[in-house]
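Numbers given in this note's numbering equal positions in the sequence shown, counted from 1, plus 819. The next block holds one structure in the form of structure tokens; read it before the comments.
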Amino acid sequence: MQILESALKKAVGLGYMKWGLIFGLANGMAVYSYYRENRNKYDVEAYQQSVTRYVSYQSGKMAETYIPKWLRSPLFSLFGYVYDVNYDDMLEPLENYENFQQFFTRKIKSREFDKNVNKLIVPADSKVLSFCEVKDDSPILVKNVHYKLGYFLTGQETFEMTPKILEDARKRKNTKLYSVIFYLAPGDYHRYHLPSDFQLKSRSHIVGHLAPVKISYISSTPKVYETNERVALFGTYNFGLMSIVLVGATNVGSMTLNYDKEFQTNQKAQELFVYKHYDPTISLRKGDELGMFRLGSTVVMMFEAENVKWNIEEGQKCKWGDVFAEVS
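Have a look at this one:
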């Protein structure tokens, strides 16, 4: 840790290219040091999981390193140019963000959104990966790629969401279940909001890998969503069942929940699966900030409705507050 911190402190006084090189070198050092400590372990799956978590934890710590004020504006401007950051809705000037973490998790100007109960709003600035009706255990992830819903929601590889289980899960007659996936890029606003009024009944925290979730990676690598760390929120909205799943990724320092300040992810795992039931249920309001990713990642929603009119297309860029579906 002292070596990493020393390298990072030197990096803030160097140019942009040297910053990037040292940031990459620090990650490499983290992997190598972890390898030396754990090279005699035989559980390859556990080892790979630990490495991704260790690297992401170190990256999160580095993102909290203080940046001199004179360097902030050019550094964040360069990052914004590379990742297409929208500066128009920022509340603070660039020089006010003391580190990358503050910049990544920046607040933005308030937005108006449609408060009609039958209109669901986009939970985060993001790109639409897919949307579909959920008929079995394999809804669409991206084009020609599916994920295992039972494994994803429960953390149990052998659990299958059969049509019977999906039918029993519905709260109303004559309804269907739908899935929609929103991907947050590094330059996006990283806070997530409620797509509707939501009665939160339970939460599952599933510890796992922190592999990349960018489209090129999940399109070619199996079981990324099923094995990455994630937080699944289960409850109901005005038209039936709803679940909101927050998926971690490489270098995501953590995911937070505003209603539970003690909740933390990307920490040294004491348990691989933590379930929490809320009694009474927690009432959350449409548009309220739910929490934040400390970098980019993914929000997966599943909801029940009798009729759905989609207002989105696959690959579409959208902002939180946009209406993505009208339901009944």
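Where a beta carbon is used, it is the ideal one built from N, C-alpha and C, also for glycine. Note that the structure is predicted; figures quoted are calculated from it, not measured.
* Compute the Euclidean distance between the alpha carbons of threonine 924 and valine 1032, then round it to the nearest angstrom. => 18 angstroms
* **Boundaries (first-last residue) of the alpha helix (DSSP H) holding tyrosine 900** => Its alpha helix (DSSP H) spans residues 888-902.
* Could you check where the beta strand (DSSP E) with lysine 1105 kicks off and where it finishes? -> Premise fails: lysine 1105 is in no beta strand (DSSP E) and is neither H nor E.
* To do: Sort Gly1110, Asn1057, Pro982, Arg891 by Cα distance to phenylalanine 1082 and report the nearest one.
  => Gly1110
* DSSP beta-bridge partners for tryptophan 1129? -> Ala1144
* Within its chain, find whatever has a CB closer than 6 angstroms to the CB of aspartate 908; leave out the 5 residues flanking it on each side and keep chain order. => Ile927, Lys928
* Asked: The beta strand (DSSP E) spanning glycine 1067 covers which residue range?
  -> Unbroken run through glycine 1067: none, as it is neither H nor E.
* Counting Cβ pairs, one atom from each stretch, are 3 or more of them under 8 angstroms apart for the region 1016-1032 and the region 1096-1112? -> Touching, per the Cβ criterion.
* Asked: Cα separation between isoleucine 984 and valine 1142?
  -> 29 angstroms
* Asked: Measuring CB to CB, does phenylalanine 932 end up less than 9 angstroms from arginine 1010?
  -> no
* Asked: Which value, in whole angstroms, describes the spacing of the CA atoms of threonine 981 and aspartate 955?
  -> 6 angstroms
* DSSP three-state assignment for valine 1026, whether helix, strand or coil -> coil
* Taking only runs of the alpha helix (DSSP H) that begin and end inside the region 925-956, which ones reach a length of at least 4 residues, in chain order? -> none
* Exposed or buried, asparagine 846, counting other C-beta atoms within 10 Å across all chains shown (16 or more means buried)? -> Residue confidence for asparagine 846 is low, a pLDDT of 47 falling below 50, so the modelled location carries little weight; the figure read from the coordinates is stated next. So asparagine 846 counts as buried.
* **proline 1199 and leucine 996 closer than 9 angstroms at C-beta** => A query on residue 1199 cannot be resolved here, the shown segment of the chain reaching from 820 to 1147 and no further.
* Spatial neighbours of valine 1064 in its chain, beta-carbon cut-off 6 angstroms, leaving aside the 5 residues before and after -> Arg1049, Ala1051, Val1119
* cysteine 1137 (DSSP reduced to helix, strand or coil) -> strand
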